[in-house]
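Trainee: Quick mapping for you: the protein sequence lines, in order, are chains A and B. Per this note's numbering, residue 34 is the first one in the first sequence, and the count goes up by one each step. Per this note's numbering, residue 34 is the first one in the second sequence, and the count goes up by one each step. Just so it is clear, CB atoms sit at the ideal spot from N, CA and C, and this is done for glycine as well. Given the structure is predicted, the values throughout are model-derived calculations rather than measurements. First, the structure itself, so that you have it in front of you.
2 protein chains.
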Amino acid sequence: MTDLLRPLRAADIETWDFEADVVIAGFGIAGACAAIEAARAGTDVLVLERAGGWGGAAALAGGFIYLGGGTALQQACGFEDSVEEMTKFLTAALGPGVDEAKIDEYCQGSVAHYDWLVDAGVPFKMSYWGEPGYEPPFDDGLMYSGGENAAPFNAIAKPAPRGHVPQMSDKRTGEKGGGYMLMKPLSNTAAELGVRAEYDMRAQRLIIDVDADGVDRVVGIVAKRYGADVTVRARRGVVLATGSFAYNDDMMRRFAPRLLGKPAASVEEHDGRAIRMAQALGADLAHMDATEVAFFCDPQLFYRGILVNGRGQRFVPEDTYSGRVGQLMLLQNEGQCFLIIDEASFEEGMAGTSSSPQLKIQPRWVCESVAELEAEIGLAEGALTSTVDLYNRHAVNGQDPLLGKKTEWVKPIGGPVAAIDLRGMAGGFTLGGLLTDTDSRVIHVDGSPIPGLFAAGRCTSGLSAWGYASGVSLGDGSFFGRRAGVSAAQA
Amino acid sequence: MTDLLRPLRAADIETWDFEADVVIAGFGIAGACAAIEAARAGTDVLVLERAGGWGGAAALAGGFIYLGGGTALQQACGFEDSVEEMTKFLTAALGPGVDEAKIDEYCQGSVAHYDWLVDAGVPFKMSYWGEPGYEPPFDDGLMYSGGENAAPFNAIAKPAPRGHVPQMSDKRTGEKGGGYMLMKPLSNTAAELGVRAEYDMRAQRLIIDVDADGVDRVVGIVAKRYGADVTVRARRGVVLATGSFAYNDDMMRRFAPRLLGKPAASVEEHDGRAIRMAQALGADLAHMDATEVAFFCDPQLFYRGILVNGRGQRFVPEDTYSGRVGQLMLLQNEGQCFLIIDEASFEEGMAGTSSSPQLKIQPRWVCESVAELEAEIGLAEGALTSTVDLYNRHAVNGQDPLLGKKTEWVKPIGGPVAAIDLRGMAGGFTLGGLLTDTDSRVIHVDGSPIPGLFAAGRCTSGLSAWGYASGVSLGDGSFFGRRAGVSAAQA
Numbered sequence: 034m035t036d037l038l039r040p041l042r043a044a045d046i047e048t049w050d051f052e053a054d055v056v057i058a059g060f061g062i063a064g065a066c067a068a069i070e071a072a073r074a075g076t077d078v079l080v081l082e083r084a085g086g087w088g089g090a091a092a093l094a095g096g097f098i099y100l101g102g103g104t105a106l107q108q109a110c111g112f113e114d115s116v117e118e119m120t121k122f123l124t125a126a127l128g129p130g131v132d133e134a135k136i137d138e139y140c141q142g143s144v145a146h147y148d149w150l151v152d153a154g155v156p157f158k159m160s161y162w163g164e165p166g167y168e169p170p171f172d173d174g175l176m177y178s179g180g181e182n183a184a185p186f187n188a189i190a191k192p193a194p195r196g197h198v199p200q201m202s203d204k205r206t207g208e209k210g211g212g213y214m215l216m217k218p219l220s221n222t223a224a225e226l227g228v229r230a231e232y233d234m235r236a237q238r239l240i241i242d243v244d245a246d247g248v249d250r251v252v253g254i255v256a257k258r259y260g261a262d263v264t265v266r267a268r269r270g271v272v273l274a275t276g277s278f279a280y281n282d283d284m285m286r287r288f289a290p291r292l293l294g295k296p297a298a299s300v301e302e303h304d305g306r307a308i309r310m311a312q313a314l315g316a317d318l319a320h321m322d323a324t325e326v327a328f329f330c331d332p333q334l335f336y337r338g339i340l341v342n343g344r345g346q347r348f349v350p351e352d353t354y355s356g357r358v359g360q361l362m363l364l365q366n367e368g369q370c371f372l373i374i375d376e377a378s379f380e381e382g383m384a385g386t387s388s389s390p391q392l393k394i395q396p397r398w399v400c401e402s403v404a405e406l407e408a409e410i411g412l413a414e415g416a417l418t419s420t421v422d423l424y425n426r427h428a429v430n431g432q433d434p435l436l437g438k439k440t441e442w443v444k445p446i447g448g449p450v451a452a453i454d455l456r457g458m459a460g461g462f463t464l465g466g467l468l469t470d471t472d473s474r475v476i477h478v479d480g481s482p483i484p485g486l487f488a489a490g491r492c493t494s495g496l497s498a499w500g501y502a503s504g505v506s507l508g509d510g511s512f513f514g515r516r517a518g519v520s521a522a523q524a
Numbered sequence: 034m035t036d037l038l039r040p041l042r043a044a045d046i047e048t049w050d051f052e053a054d055v056v057i058a059g060f061g062i063a064g065a066c067a068a069i070e071a072a073r074a075g076t077d078v079l080v081l082e083r084a085g086g087w088g089g090a091a092a093l094a095g096g097f098i099y100l101g102g103g104t105a106l107q108q109a110c111g112f113e114d115s116v117e118e119m120t121k122f123l124t125a126a127l128g129p130g131v132d133e134a135k136i137d138e139y140c141q142g143s144v145a146h147y148d149w150l151v152d153a154g155v156p157f158k159m160s161y162w163g164e165p166g167y168e169p170p171f172d173d174g175l176m177y178s179g180g181e182n183a184a185p186f187n188a189i190a191k192p193a194p195r196g197h198v199p200q201m202s203d204k205r206t207g208e209k210g211g212g213y214m215l216m217k218p219l220s221n222t223a224a225e226l227g228v229r230a231e232y233d234m235r236a237q238r239l240i241i242d243v244d245a246d247g248v249d250r251v252v253g254i255v256a257k258r259y260g261a262d263v264t265v266r267a268r269r270g271v272v273l274a275t276g277s278f279a280y281n282d283d284m285m286r287r288f289a290p291r292l293l294g295k296p297a298a299s300v301e302e303h304d305g306r307a308i309r310m311a312q313a314l315g316a317d318l319a320h321m322d323a324t325e326v327a328f329f330c331d332p333q334l335f336y337r338g339i340l341v342n343g344r345g346q347r348f349v350p351e352d353t354y355s356g357r358v359g360q361l362m363l364l365q366n367e368g369q370c371f372l373i374i375d376e377a378s379f380e381e382g383m384a385g386t387s388s389s390p391q392l393k394i395q396p397r398w399v400c401e402s403v404a405e406l407e408a409e410i411g412l413a414e415g416a417l418t419s420t421v422d423l424y425n426r427h428a429v430n431g432q433d434p435l436l437g438k439k440t441e442w443v444k445p446i447g448g449p450v451a452a453i454d455l456r457g458m459a460g461g462f463t464l465g466g467l468l469t470d471t472d473s474r475v476i477h478v479d480g481s482p483i484p485g486l487f488a489a490g491r492c493t494s495g496l497s498a499w500g501y502a503s504g505v506s507l508g509d510g511s512f513f514g515r516r517a518g519v520s521a522a523q524a
């Protein structure tokens, strides 16, 4: 069972196969941004990537980057935003238990971070998409991505859309997604700055040396390449940026069992190894149970009906962020969920423009009355009818006092009525990981930074402590990835 | 911010203040059982306890030990049980994500473990208490303690009561609780076996040496006593048994934020330090988000009404284990809970015999009708009335198809009707911690046991991965505490 991931001593290394000032494990969003900053700081940078090319999960993602406080894109689309409102929203939506210092610095630096991305060549179209959906179906640059304009958050902070998507080819052509259009310019920028990259290099273990104070310092990394160990010396620092542990079943069982076997929006490379390599050095962890949970039903459909749990009860305002629906269903309602929708609304939803046509799921049951429907589904007699009666009673007035769904999406449910079976229709990736500070230094359980070791992206605990908004991972991965590059270059 | 908890090298220790074959940190349930087994194995044992005497959280507890499979006490009270049914129940009730090997060995060894406790002097009265409550109010020895006979578990495994309580003085005299009557004979047994104990000794850091294979081995512990460091050498092994991290706010914020600031059934000594000391050596963790959550309302009351969340919806069969109500309320229903109960049932509940008279809380609102009540509470119009209507509709037939509450507790809610405000009425302790195997060896992140280091009790992840039953902590603490003692003696 023993896995060779304890740190090696530099004194035991006979030859160094590679050497650089800053060595970065992982060429996804965090690694790319770290590389750019470290190179701009004048250091010699080497990125080790496990796959055959740059990109990571980021290049396959929709591309949302969560940014706000009044970015040029928000302003061009006519939305007001402020650091304060963004901070209030993220603190409420990503908790409980958020790292307030990280949220604060992220929100304060968000406008500048947008400009930095643009400067690095990331394209944004100055247009807003306002329809229900996961992502803009075309090439619009801005969209709500976290339920900012839905209950309960619209009463906590003034809403503004903060999901910034790099401009891509029209998605209907299936060519390139927003994540690719984020990673492509960043990897180009890194290359132009002289960043070297070695592919097919799996990070295996850290190499340490004793520093002047008698404390262990990270001075390199061992990687596996074509079955052989390769030693890489880092003169200044090592940055870990290898992604989540969504594909490590053992870790999932121990830390996030509800998402075990349901990885999504992640890549097989996400095996948690960087987390364990750093733990072997005494690195601390945070929020290991936190998970992003995608909900596999098109918002064009579920905005127009009601979502009920296994008891036939509503549990979420349906006009919110789909990832919030997914979290509440999987983590707080035993993975039980049915969409109750009448024929007219279903047809409307099916006709609605969406980036997720494959999630326009057909009903499993269709009945003339809700009473028949509840019997077909197998819910307790009266459970669904009382839920629908209560909903309809207020819906005739355009109100939803139970959950605060906005008037524009509140409509009485008539007949014929259908139920779409959404039980277990969820998957995602992990949000917990290494404890880092706002300079992306990896923190030892004794509270001090581990000399020479930095981390960012989904192998760390970032902005999210439990809740989520789309764009937070590319957001904190890029933002604190940059910090990691700066810190490592200065180390 | 740096806390001195990194391991010291034995070579740097000039003098050893104490020495023993097996050194145990913590004289609660796990430490006492480890000490007895290590002494019986013929080794010289020293227990270091932070407080001024033995006992830990265990001595202050109600004293439930979760045992089954057909113990002498279960048989004397006429209950049939089997290892298989106990295993099925614990797997369902303590998950998701349980350590199946631990559950299996615990259930298989449960009858013998009961006999071991009796042999060590722990007294059990051969009588059963069947009324709603947290614990038997008198000196009865057996009670349901995990919702085994309530939905959904009564359909998953054949119910049997498995909460075994040491016989105590009549609680009404306030003299000694069940936990004291567990710890007193165990500490006596340990003393008779020659186990030494040193008090006012706070475990600070581990001491390591390099073993023959070049691997770090734990050979001692540094403790703080009256402000000075004391070195303690362990010739065979160190057992960590210092309890949960419920009182470490930093760890709570990072791992179990919903319970932050709500410690209960734990003691101030539960600062998580042993977890961090072992992490500094690369020890792995499990289920850091798992928490026991006590619900501060007398079951004599809440069995007789309905519990609703902040939306006025029922979420739990009310005739279940109170700790399950607490978990579902705090972790899955935003800490929102109201008990809706009519006057007749309230009077009956107030008159019911209970060990928790202080939790017989008075209503905050009393009204003639449910409609008035829901307005007084501030729930959405129709939310509570539809919940009560649905409940009453089936209650007239003694049924609860929504949640499966048993017929004996199902009664239509009449008027006048009251609501007891239970928002946030919860507290508890943590269930996650060090990863150990079934021999109570602490597991490194590389999958191998850390030589010389053992752990048990609430500084480890034991039987519970998320759910809970009363008696599981004293149960796995004593069972795997014994294993730790055996393993350390053999090391």
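To the nearest angstrom, how far is the alpha carbon of Thr386/B from that of Ile308/A?
Mentor: Rounded to the nearest angstrom, the two C-alpha atoms are 52 Å apart.
Trainee: With DSSP collapsed to three states, give me the class of His197/B.
Mentor: If DSSP states are grouped into helix, strand and coil, His197/B belongs with the strands.
Trainee: When you compare the CB of Gly448/B with every CB in chain A, is at least one pair closer than 7 Å?
Mentor: Not one chain A Cβ lies under 7 Å of Gly448/B.
Trainee: How far does the beta strand (DSSP E) with Ala236/B in it extend, from its first residue to its last?
Mentor: 235 to 243 is the span of the beta strand (DSSP E), which, as asked, contains Ala236/B.
Trainee: Cα-Cα, which of Gly345/A, Ile446/A, Leu436/A, Leu423/A is closest to Gly411/A?
Mentor: The option with the nearest alpha carbon to Gly411/A is Gly345/A.
Trainee: With 7 Å as the threshold, decide whether the Cβ of Val478/B is near any Cβ in chain A.
Mentor: Judged by the 7 Å Cβ criterion, Val478/B is in contact with chain A.
Trainee: Whose CA, out of Arg347/A, Leu79/A, Gly461/A, Gly359/A, lies closest to the CA of Cys330/A?
Mentor: Ranking Arg347/A, Leu79/A, Gly461/A, Gly359/A by Cα distance to Cys330/A puts Gly359/A first.
Trainee: Are any of the Cβ atoms in chain B nearer than 7 Å to that of Gly415/A?
Mentor: Cβ-Cβ to chain B under 7 Å: yes for Gly415/A.
Trainee: Beta-carbon separation of Asp509/B and Gly495/B under 7 Å?
Mentor: Contact: yes.
Trainee: Can Glu449/B and Glu376/B be called in contact, C-beta distance under 7 Å?
Mentor: Before going further, note that residue 449/B is Pro rather than Glu in the sequence given. In this structure, Glu376/B lies closer than 7 Å to Pro449/B by Cβ.
Trainee: Can you look up Gly95/B in the DSSP assignment and give me helix, strand or coil?
Mentor: It is coil, neither helix nor strand.
Trainee: Which first and last residues belong to the beta strand (DSSP E) in which Thr120/B is found?
Mentor: Thr120/B -> not in any beta strand (DSSP E); alpha helix (DSSP H) instead, spanning 116 to 126.
Trainee: Are Gly101/B and Ala188/B closer than 7 Å when you measure CB to CB?
Mentor: No, Cβ-Cβ distance for Gly101/B and Ala188/B is not below 7 Å.
Trainee: Got a sec: which bits of the region 296 to 308 of chain A sit with their beta carbon under 7 Å from any beta carbon on chain B, in order along the chain?
Mentor: Listed by position, the residues of the region 296 to 308 of chain A near chain B (Cβ gap below 7 Å) amount to none.
Trainee: Using a C-beta to C-beta distance shorter than 7 Å, which residues of chain B count as neighbours of Gly434/A?
Mentor: The question names Gly, but residue 434/A in the sequence shown is Pro. Correct list: Ala413, Glu414.
Trainee: Using only the heavy atoms of the ligand COA, determine whether one of them is closer than 6 Å to the beta carbon of Ala297/B.
Mentor: Absence of the ligand COA from the depicted structure is noted, as is the absence of any ligand whatsoever, leaving it without description.
Trainee: With 16 as the cutoff for other CB atoms within 10 Å, does Gln237/A come out buried or exposed?
Mentor: By the 10 Å Cβ count, Gln237/A comes out buried.
Trainee: How would you call Gly89/A, buried or exposed, if buried means at least 16 neighbouring beta carbons within 10 angstroms?
Mentor: It counts as buried.
Trainee: Cys140/A by DSSP, collapsed to three states: which one?
Mentor: In the structure shown, Cys140/A sits in a helix (DSSP, three-state: H, G or I).
Trainee: Is it buried or exposed, Leu37/B, if we count other Cβ atoms within 10 angstroms and call 16 or more buried?
Mentor: Exposed: under 16 other Cβ atoms inside 10 Å.
Trainee: Expressed to the nearest angstrom, what Euclidean distance is found between the alpha-carbon atoms of Ala92/B and Arg268/B?
Mentor: Between Ala92/B and Arg268/B, the C-alpha separation is close to 29 Å.
Trainee: Tell me whether Gly466/B sits in a helix, a strand or coil according to DSSP, three-state version.
Mentor: In the structure shown, Gly466/B sits in a strand (DSSP, three-state: E or B).
Trainee: In angstroms with no decimal places, state the Cα-to-Cα distance between Val429/A and Leu340/B.
Mentor: So the two alpha carbons sit approximately 29 Å from each other.
Trainee: With DSSP run on the structure shown, which of helix, strand or coil describes Gly518/A?
Mentor: Of the three classes helix, strand and coil, the one that applies to Gly518/A here is helix, per DSSP.
Trainee: Whole angstroms is fine: what's the gap from Leu292/A's alpha carbon to His320/A's?
Mentor: Distance between the alpha carbons of Leu292/A and His320/A: 14 Å.
Trainee: Any C-beta of chain B sitting closer than 7 Å to the C-beta of Leu38/A?
Mentor: Yes, its Cβ sits closer than 7 Å to a Cβ of chain B.
Trainee: So Val198/A and Met176/A are in contact, right, with Cβ under 8 Å, and what is the actual spacing, rounded?
Mentor: Contact holds; Cβ gap of about 7 Å.
Trainee: Using the Cβ count rule (16 or more neighbours within 10 Å means buried), how would you classify Val56/A?
Mentor: Answer is buried; the Cβ neighbour count reaches 16.
Trainee: Identify, in the order they occur along the chain, each residue of the same chain with its Cβ nearer than 8 Å to the Cβ of Val131/B, setting aside the five sequence neighbours on each side.
Mentor: Around Val131/B: Leu123, Thr124, Leu496, Ser497, Ala498.
Trainee: List the DSSP bridge partners of Ile453/B.
Mentor: Note: Ile453/B sits in a beta bridge opposite Leu372/B.
Trainee: Helix, strand or coil for Thr420/B per DSSP?
Mentor: Correct three-state label for Thr420/B: helix.
Trainee: Determine whether the beta carbon atoms of Glu302/B and Arg456/B lie at a separation below 7 Å.
Mentor: No, Cβ-Cβ distance for Glu302/B and Arg456/B is not below 7 Å.
Trainee: Given this structure, state the Cα-to-Cα distance separating Lys257/A from Ala134/B, to the nearest angstrom.
Mentor: Each residue's alpha carbon lies about 33 Å from the other.
Trainee: Measuring only between beta-carbons, confirm whether Ala109/A sits less than 7 Å from chain B.
Mentor: Not an interface residue.
Trainee: With three or more beta-carbon pairs closer than 8 Å as the criterion, would you say the region 43 to 60 of chain B touches the region 241 to 253 of chain B?
Mentor: They touch, by the three-pair rule.
Trainee: Run the CB neighbour count on Tyr259/A, radius 10 Å, all protein chains shown included, and call it buried at 16 or more, exposed below.
Mentor: Flag for Tyr259/A reads exposed.
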